[in-house]
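This report refers to the structure that appears directly beneath it.
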Amino acid sequence: MNRCGGSAGRYREIDETRRHLTIRLAVAGGNRGARFDQVLGGLEEQIELVSVCDPSEQIRSEWTNGRPELKAFEQFEDLVEDPGIDAVFIATPMLLHAGQALTALNAGKHVLSEVIAAATLDECHALVETVEKTGMTYMMAENYCYRREAMMVKNMADQNVFGDLTYAEGAYIHDCRDLMFNADLTRTWRANGSVAGTQGGFGSTQSSRGNGYPTHSLGPIAQWLGINRGDRLARTTTFVTKSAARQEWARSVLPEGHFDRKDAAWADFTDSATTLIETEQGRVICLRKDSASPRPHNMALHSLQGTNGAYLSGRFDGEGPLVWLDGVSEGVSPANLGYRDKARPAGVANSTRAAWQTLWDLSDRYEHPYWKQFGDEAIQAGHGGGDYFVMYDFARAVAGEIEPPIDVYDAVTWSSIFPISIENVKRNGEPLDVPDFRNR
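If you use this note's numbering, the sequence shown corresponds to residues 1 to 440, in order.
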């Protein structure tokens, strides 16, 4: 038993009868889901929290304390059988997401799934087939797409401010080694090293030697590049480092004789993974995922290059995002000032070199409408405001006002990098095709 722990018309038409409904929402996974409690309080007209599901009696009690009307379930299957629920927010451990989403969709529930959406290609295909078959709303809760800077850059990319986009980088660097062990020194799900799913397809393995958490870095980039909306991910490869930092941590916290102090215990892990992706239109994406190396967090590192300028996120907390745009920002590029080549346009021979300016200098012109209208409310939520807008857009999608901005095709395309990357590593870096889930 499982336990709880776009563009319009691509797979269904907007249902006019569902407009402006208040959605009766259940939260599956009371630990991560609790971080949305404040968000739900600010969306009471759109969403009514009716149920929570978690295997922990303590966590269920924390949710229901002072809210006797809130139903509490231990088993996910019991939750989705409740006719008083319209939608489920799946915030359980990552490897449960796809299976629980399939169960909920087949039970007639709309689904908002935490990342990643699926851990195997079989799960990816099953999600697409089930959403198309049931017509239920499915959205992935990739909150990094809704951060203020990410939405502003998307607004600029949509208006062709950067010109023809050619290259992007993303990184999720977050030392999670202190989340590897429970209080009793058993491994948490983050350190169990297994990939769930049906047999067959990349990812049906006990290895974690790949890019196991790609969507925080890839999601915003995919939206900037119009992936699944004019371009698509074509092929990819991944290389990984050896596993070293996890062993160092394990030896520092575990008693002598504990198996996880041995190097062999972490043979199927990696400290850092680097993924390269080529798109159908000839763009290149470079991703880094590192959840073990000791250093300050940098969980939203991005850059974008076009023929008319570039974007560069802050490298650490407190450093703001930067941008340079030809004809807008200071200086020129190229600016080889020692050379008076005849190819240089007239009037710029003595110009200064290109210089970055803060992205926020352009907010009056390019701030995303969501942040103009709801920025004060959103910034109180988690993940740089992303948690607020994820729930807001899901409510709008279920109510029939919009199609899910991160729909099932986006969810499985971005998530598929995980199982494909494991296969890349097994094949010594051989590039592999990314499935086109829209045209199966």
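Note that beta-carbon positions come from the ideal geometry of N, C-alpha and C, so glycine has one too.
Query, Result
"Within a Cβ cutoff of 6 Å, which residues of the same chain sit near Arg-365, ignoring the five residues on either side of it in sequence?", "none"
"Here's the rule: buried if 16 or more other CB atoms are within 10 angstroms of the residue's CB, otherwise exposed. What is Ser-479?", "Since the first and last residues shown for the chain are 1 and 440, residue 479 lies out of range."
"For the candidate residues Ile-47, Ala-157, Thr-275, whose alpha-carbon lies nearest to that of Arg-396?", "Ile-47"
"Classify Trp-302 as helix, strand or coil using the three-state DSSP reduction.", "It is His, not Trp, that sits at residue 302 in the sequence shown. His-302: strand per DSSP, three-state reduction."
"If you measure from the CB of Gln-100, is any heavy atom of the ligand ADP nearer than 7 Å?", "Ligands displayed in this structure: none; no statement on the ligand ADP is therefore possible."
"Does the beta-carbon of Arg-35 have 16 or more other beta-carbons within 10 angstroms, so that it is buried, or is it exposed?", "exposed"
"Ignore the nearest five residues each way along the sequence and tell me which others in Glu-45's own chain have a CB closer than 8 Å to its CB.", "Thr-22"
"Which value, in whole angstroms, describes the spacing of the CA atoms of Ile-402 and Leu-102?", "22 Å"
"Nearest by alpha-carbon distance to Ile-285: which of His-297, Trp-356, Ser-217 is it?", "Ser-217"
"Using a Cβ-Cβ cutoff of less than 7 Å, which residues in the same chain neighbour Gly-200 once the five nearest sequence positions on both sides are dropped?", "Since pLDDT at Gly-200 reaches only 34, below the 50 mark, its modelled position is unreliable, and the value read off the structure follows with that caveat. The residues are Asp-122."
"Please classify Glu-81 as buried or exposed, where buried requires at least 16 other C-beta atoms within 10 Å of its C-beta.", "exposed"
"In chain order, what residues of the same chain have a beta carbon less than 7 Å from the beta carbon of Phe-420, not counting five sequence neighbours either side?", "One point to set straight first is that residue 420 is Ile, not Phe, in the sequence displayed. Here the set comprises Phe-202, Thr-236, Leu-432, Val-434."
"Under 8 Å, do Asn-173 and Arg-315 count as touching if we go by C-beta distance?", "Per the sequence presented here, residue 173 reads as Ile, with Asn not at that position. No, the Cβ-Cβ distance between Ile-173 and Arg-315 is not below 8 Å."
"Would a C-beta distance cut-off of 8 Å place Tyr-146 and Gly-385 closer than the cut-off?", "yes"
"Quick check: what's the CA-CA separation for Pro-404 versus Val-390?", "10 Å"
"On the CB-based measure, 16 or more other CB atoms within 10 Å of its CB, does Glu-142 come out buried or exposed?", "buried"
"Locate the beta strand (DSSP E) running through Glu-278, then write down its first and last residues.", "272-279"
"Quick one: Cα of Arg-246 to Cα of Thr-275, how far?", "21 Å"
"Hey, would you say Val-39 sits closer than 8 Å to Ala-381, going by beta carbons?", "yes"
"For Ile-417, report the span of its alpha helix (DSSP H) as first-last.", "417-426"
"Considering only residues of the same chain and omitting the five flanking positions on each side of Val-253, which have a CB-CB separation below 6 Å?", "none"
"Any idea which residues DSSP pairs Thr-352 with across the strands?", "DSSP lists no partner for Thr-352."
"Compute the Euclidean distance between the alpha carbons of Leu-43 and Glu-132, then round it to the nearest angstrom.", "28 Å"
"For Lys-109 and Pro-369, what's the separation of their Cα atoms in angstroms?", "30 Å"
"In the DSSP assignment, find the unbroken beta strand (DSSP E) run with Arg-288 in it and report its ends.", "284-290"
"Could you tell me the distance, in whole angstroms, from the CA atom of His-383 to the CA atom of Ile-59?", "22 Å"
"Please work out which residues of its chain come closer than 6 Å, Cβ to Cβ, to Thr-270, disregarding the five sequence neighbours upstream and downstream, and give them in chain order.", "Arg-209, Val-240, Thr-241, Ser-243"
"If Val-111 and Tyr-138 are in contact, beta carbons under 8 Å, what's the gap, nearest whole angstrom?", "5 Å"
"I need the straight-line Cα distance from Trp-360 to Ser-329, nearest angstrom please.", "13 Å"
"Look at Thr-186 and Leu-179 and say whether their C-beta atoms are less than 8 Å apart.", "no"
"Using beta-carbon positions only, say whether Gly-84 and Asp-54 come within less than 8 Å of one another.", "no"
"By how many angstroms is the C-alpha of Gly-400 removed from the C-alpha of Gly-9?", "Only weak support exists for where Gly-9 lies, its pLDDT of 37 falling under 50; the value from the coordinates is given anyway. C-alpha separation (whole angstroms): 12 Å."
"Assuming the contact rule is C-beta atoms closer than 8 Å, Asn-298 and Ala-171 should be a hit. Round their C-beta distance to whole Å, please.", "7 Å"
"Identify whether Asp-433 lies in helix, strand or coil by the three-state DSSP scheme.", "strand"
"Using the rule of at least 16 other Cβ atoms within 10 Å of the residue's Cβ for burial, across every protein chain shown, is Phe-89 buried or exposed?", "buried"
"Taking the CB atoms as reference points, tell me whether Leu-165 and Leu-225 lie closer together than 8 Å.", "yes"
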